[in-house]
Every structure is written in C-alpha cells, then in structure tokens.
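Position 11, counted from 1, in the sequence shown is what my numbering calls -3; the numbers after and before it change by one each time, with no gaps. C-beta: ideal position from N, C-alpha, C; glycine also. This structure is a prediction, so every number in the text was calculated from the model and none was measured. For reference, the structure discussed in these notes is given below.
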Amino acid sequence: MSGYVLYCLVKDLKPHYVGVTSRRRLHKRIKEHKALGKDFDTHIIIKHYKTKKEALIAENGIIKLNSVFDIGLINGKLLLDEYAGFLLKNP
C-alpha cells in the first residue's frame, strides 16, 4: 500500500513534533526519532494521504496554526521557505 502519513509525536498527551513520511517507512522513521534523542511517549497518525504534496500541505497547516496562535508545542521539520521551494519544484 503506497501513500503518505501525517503523524505526530506525543509526550504527556501534548503534541511535540509533526511530520510526513511514507506509509512503508513510518516505523523506521519513529526509530530514527528515538535514535536522535527526541523525547516522546507515543506517536499518532493524523491522516493518510495519496500524495506527498497533500501531506506536506496539511503538515504546513498545522505548523502555521501553531505559529499564529503561539502554541509553542510543535516543532515541524519544514520551514515555510523550504515548503514553498518544494511546491515550486513539484507542481
């Protein structure tokens, strides 16, 4: 089954990191987060997407919402400039 997932790392019932990866690579990505020393209790899959572009748009929306309301909990992997560059390269 192909596609992408939007996932969130959770610590003490609070979101700490939101990311996008392929469905096949999700468990490897979670292990990589642990190896990097990220402190989290569990992960949740927010939604499945058919394309990476759709998943990145949703991820960016969560990051943007976090910054607008200054929630201060979520640390996304893509900055807005990097995301815009991705969209220009992948219309």
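With a threshold of 16 other CB atoms inside 10 Å of the CB of G47, please say whether the residue is buried or exposed.
-> Reading the sequence shown from its first residue, position 61 is the one you call residue 47. Counting Cβ neighbours within 10 Å, G47 comes out exposed, since fewer than 16 surround it.
Cut-off 6 angstroms between Cβ atoms - residues of its own chain near T28, not counting five sequence neighbours on either side | Your numbering for residue 28 matches position 42 in the sequence shown. Only V(-4) meet the Cβ criterion.
In whole angstroms, what is the alpha-carbon distance linking H34 and K17?
-> Taking the first residue of the sequence shown as position 1, residue 34 is located at position 48. Taking the first residue of the sequence shown as position 1, residue 17 is located at position 31. Approximately 20 angstroms, taken between the alpha carbons.
Local conformation of S8 per DSSP, three classes = Indexing the sequence shown from 1 puts residue 8 at position 22. Looking at S8 - three-state DSSP - the assignment turns out to be strand.
Whose C-alpha, out of L22, Y(-7) and D(-2), is nearest the C-alpha of E45?
-> Indexing the sequence shown from 1 puts residue 45 at position 59. Distances from the alpha-carbon of E45 to those of L22, Y(-7) and D(-2) put Y(-7) closest.
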